[in-house]
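Respectively, the protein sequence lines represent chains A and B.
39 is the number of the first residue of the first sequence in this note's numbering; add one for each residue after it.
69 is the number of the first residue of the second sequence in this note's numbering; add one for each residue after it.
No residue lacks a Cβ here, since even glycine has one placed at the ideal position from N, Cα and C.
Because the structure is a prediction, the values reported are computed rather than measured.
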Amino acid sequence: KNEVEQSPQNLTAQEGEFITINCSYSVGISALHWLQQHPGGGIVSLFMLSSGKKKHGRLIATINIQEKHSSLHITASHPRDSAVYICAVKLRDKLIFGTGTRLQVFP
Amino acid sequence: DTEVTQTPKHLVMGMTNKKSLKCEQHMGHRAMYWYKQKAKKPPELMFVYSYEKLSINESVPSRFSPECPNSSLLNLHLHALQPEDSALYLCASSLRGLAGAGVHNEQFFGPGTRLTVL
């Protein structure tokens with residue numbers, strides 16, 4: 039069993055829909071990253087959080103440390119949001135990555 | 069300057085070649101990382117430099133040789149690679165070195181070098 043599990047693995051949406059991607063982890067962590075990777079591209083850090091909720095534009099990330107669960111929400115989704123979204127947890131000196139959620143938003 | 073840059077963007081090399089990947093940041097970060105990412109897989113950590121010293125080597129084969137000449141620059145020297153080493157190589161940096169880094173030591177990633185070994 040992976041230490042970091044994401045769901046769903048694949049997600050398609052129509053432009054404008056509200057999207058939720060979930061991340062569950064089984065280890066004690068100090069922080070959690072949400073990352074975005076476009077096809078063939080590098081990785082962009084969206085959020086790093088250790089408690090509560092963060093918002094940046096149309097993106098919202100929440101974390102519940104007791105339940106070992108985090109969610110990434112995208113409001114008013116747009117085709118340019120199509121990418122792989124990766125959850126990564128910080129465990130001591132390392133990041134442990136989830137397998138990613140591949141999101142496609144259609145016009 | 070708030071980004072991590074990597075050169076080259078693409079590299080094709082034969083199994084007998086020697087080449088180097090370069091990573092640079094001017095954010096004053098004191099930890100730098102090399103990751104390898106195969107298609108449709110998450111990144112795998114290879115090396116971590118903290119305060120210009122190699123802190124973590126994830127049992128990477130010796131045909132990959134990292135170097136950190138100064139706090140802004142990280143190289144990955146490649147020699148006698150195999151076709152299975154073809155991947156996207158990502159560099160990242162974070163503000164603090166690993167010791168006592170604490171919670172808020174966010175990693176910033178570069179765009180990657182796509183390596184093909186023939």
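Backbone secondary structure at residue i - three-state DSSP
i      : result
B/E92  : strand
B/R182 : strand
B/E112 : strand
A/R118 : helix
B/E135 : strand
A/E43  : strand
Option nearest residue i by Cα separation, candidates the options
i      : options                        : result
A/E41  : A/F135, A/Q142, A/A121, A/P145 : A/F135
A/G79  : B/A155, B/Q175, B/S130         : B/A155
B/P129 : B/L146, B/N138, B/V116, B/C136 : B/L146
A/I124 : A/L110, A/D131, A/K91          : A/L110
A/S68  : A/H107, A/L129, A/S62, A/N48   : A/L129
B/Y119 : B/R164, B/L183, B/V185         : B/R164
B/T181 : B/E71, B/T73, B/H78, B/V72     : B/H78
A/V127 : A/L49, A/H71, A/G54, A/Q44     : A/H71
B/Y117 : B/K87, B/E174, B/L89, B/E135   : B/E135
A/V82  : A/K132, A/R140, A/L141, A/A121 : A/A121
Residue i, enclosing beta strand (DSSP E) - first and last residue
i      : result
B/H147 : 141-147
B/A107 : Taken as a continuous stretch (DSSP letters only), B/A107 belongs to no beta strand (DSSP E), as it is neither H nor E.
B/V128 : Taken as a continuous stretch (DSSP letters only), B/V128 belongs to no beta strand (DSSP E), as it is neither H nor E.
A/F135 : 132-135
A/N102 : 97-102
A/F56  : Note, A/F56: premise wrong, no beta strand (DSSP E); not H, not E.
B/Y119 : No beta strand (DSSP E) contains B/Y119, which DSSP labels as neither H nor E.
B/Q74  : 72-75
B/M83  : Looking at the DSSP string, B/M83 is not in any beta strand (DSSP E), and its letter there is neither H nor E.
Beta-bridge pairing of residue i - partner residues as DSSP gives them
i      : result
A/Q75  : A/I81, A/V122
A/A62  : In the sequence on display, residue 62 of chain A carries Ser and not Ala. Its beta-bridge partners are A/E43, A/H107.
A/R140 : A/N48, A/V122
A/G90  : A/I101
B/M100 : B/Y117, B/S161
B/Q175 : B/S162
A/I112 : A/I57, A/L97
Interface flag, residue i vs chain C, CB-CB below 8 Å
i     : result
A/G66 : In the structure shown, chain C cannot be found, because the protein chains are A and B.
Any non-hydrogen atom of the ligand COA closer than 7 Å to residue i Cβ
i     : result
B/V80 : For the structure depicted, the ligand COA is absent and the ligand set is empty, with no information on it obtainable.
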